[in-house]
Amino acid sequence: MATASGTVKKTPLQDFSRPRSAGIIAVNLNDGDELIGVDLTDGSNEAMLFSADGKVVRFAEECVRPMGRTATGVRGMKLVDDDKVVSLIIPRGEGDILTVTENGYGKRTVQSEYPTKNRATQGVISIKVSERNGKVVGAIQVEETDQIMMITNAGTLVRTRVSEVSIVGRNTQGVTLIRTTEDELVVGLQRVEDEDDALDDDEVDEMISDNISDVPESEPTDDADSEEE
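Note that the sequence shown ends on residue 1335 in our numbering; no numbers are left out.
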């Protein structure tokens, strides 16, 4: 699990084997924090955290010890100023990393461009952000045959073939994937594996509502189960 404030947590799947009708606690969030990603791992994977300011940190999941459901977690990424984590990727296979920014720019970068470092660091540049391309909306792992869907806060939905997105290095701004109007911002993206795997109206509305709110940055607490430097 990963949160907007840069916290990560790993919990055995068996801890969720007795759910209740009202749900059970999966992670203890600090005030103002938000869960931004969850994925299954096998104990030997790596994790990648991407921030709105264009940074990425990649580390072995062995750096994160297993914790109970009610624990807060440990620091996965060190954030500067008002930066926040926007995406979690557990890389699998040889797929590329596709990054999209709020002004409609994006790029593909091969996985080998992203070095594996220690957690709790600021990481390296994932994409060069500027006033022109804007903050990072999200990053996903893609294959050459995939498609992606991007949605704006004005309700515009654009579908693009991954093969049409240029492969470039980390320290670049990307190319235009969707042309936005004044005050229009990209708020979400979705990987589409099959041509018939389209989003319905409810899923589009959910993508918009899930991504238009700003998340204040918060820091992990200093108890035994919350942060390790």
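Glycine included, every Cβ here is placed at the ideal spot set by N, Cα and C. In this text, all values refer to a predicted model and were calculated from it rather than measured experimentally.
(message) Assuming the contact rule is C-beta atoms closer than 8 Å, Ala-1245 and Gly-1182 should be a hit. Round their C-beta distance to whole Å, please.
(response) The residue labelled residue 1245 in the question sits at position 139 within the sequence shown. The residue labelled residue 1182 in the question sits at position 76 within the sequence shown. With 8 Å as the limit, Ala-1245 and Gly-1182 do not qualify as a contact, their Cβ atoms being about 15 Å apart.
(message) Can you tell me where the beta strand (DSSP E) holding Leu-1204 begins and where it ends?
(response) Residue mapping note: residue 1204 aligns to position 98 of the sequence shown, counting from 1. Element bounds for Leu-1204: 1202-1207.
(message) So, does the segment 1150-1163 touch the segment 1121-1133, judging by three or more C-beta pairs under 8 Å?
(response) no
(request) Give the secondary structure of Glu-1250 by DSSP, where H, G and I count as helix, E and B as strand, and everything else as coil. (result) If you number the sequence shown from 1, residue 1250 lands on position 144. Glu-1250: coil per DSSP, three-state reduction.
(request) Please classify Gln-1120: does DSSP put it in a helix, a strand, or coil? (result) By 1-based counting over the sequence shown, the position of residue 1120 is 14. Three-state result, Gln-1120: helix.
(request) Closer than 8 Å by C-beta to Asp-1189: which residues in its own chain qualify, once you throw out the five before and the five after it? Chain order, please. (result) Translated into positions along the sequence shown, residue 1189 becomes position 83. Within the same chain, Asp-1189 has close Cβ partners Ser-1157, Ala-1158, Asp-1159, Lys-1161 and Glu-1323.
(request) Quick one: residues in its chain with C-beta nearer than 8 Å to the C-beta of Pro-1221, no 5 flanking neighbours on either side, listed in chain order? (result) In the sequence shown, residue 1221 corresponds to position 115, counting from 1. Same-chain partners within the cutoff: Arg-1164 and Val-1230.
(message) Bridge partners for Glu-1152 per DSSP, in chain order?
(response) Here residue 1152 corresponds to residue number 46 of the sequence shown, with the count starting at 1. DSSP lists Ala-1166 as partners of Glu-1152.
(message) In the DSSP output, which residue or residues are listed as bridge partners for Ser-1157?
(response) Your numbering for residue 1157 matches position 51 in the sequence shown. DSSP links Ser-1157 through a beta bridge to Val-1191.
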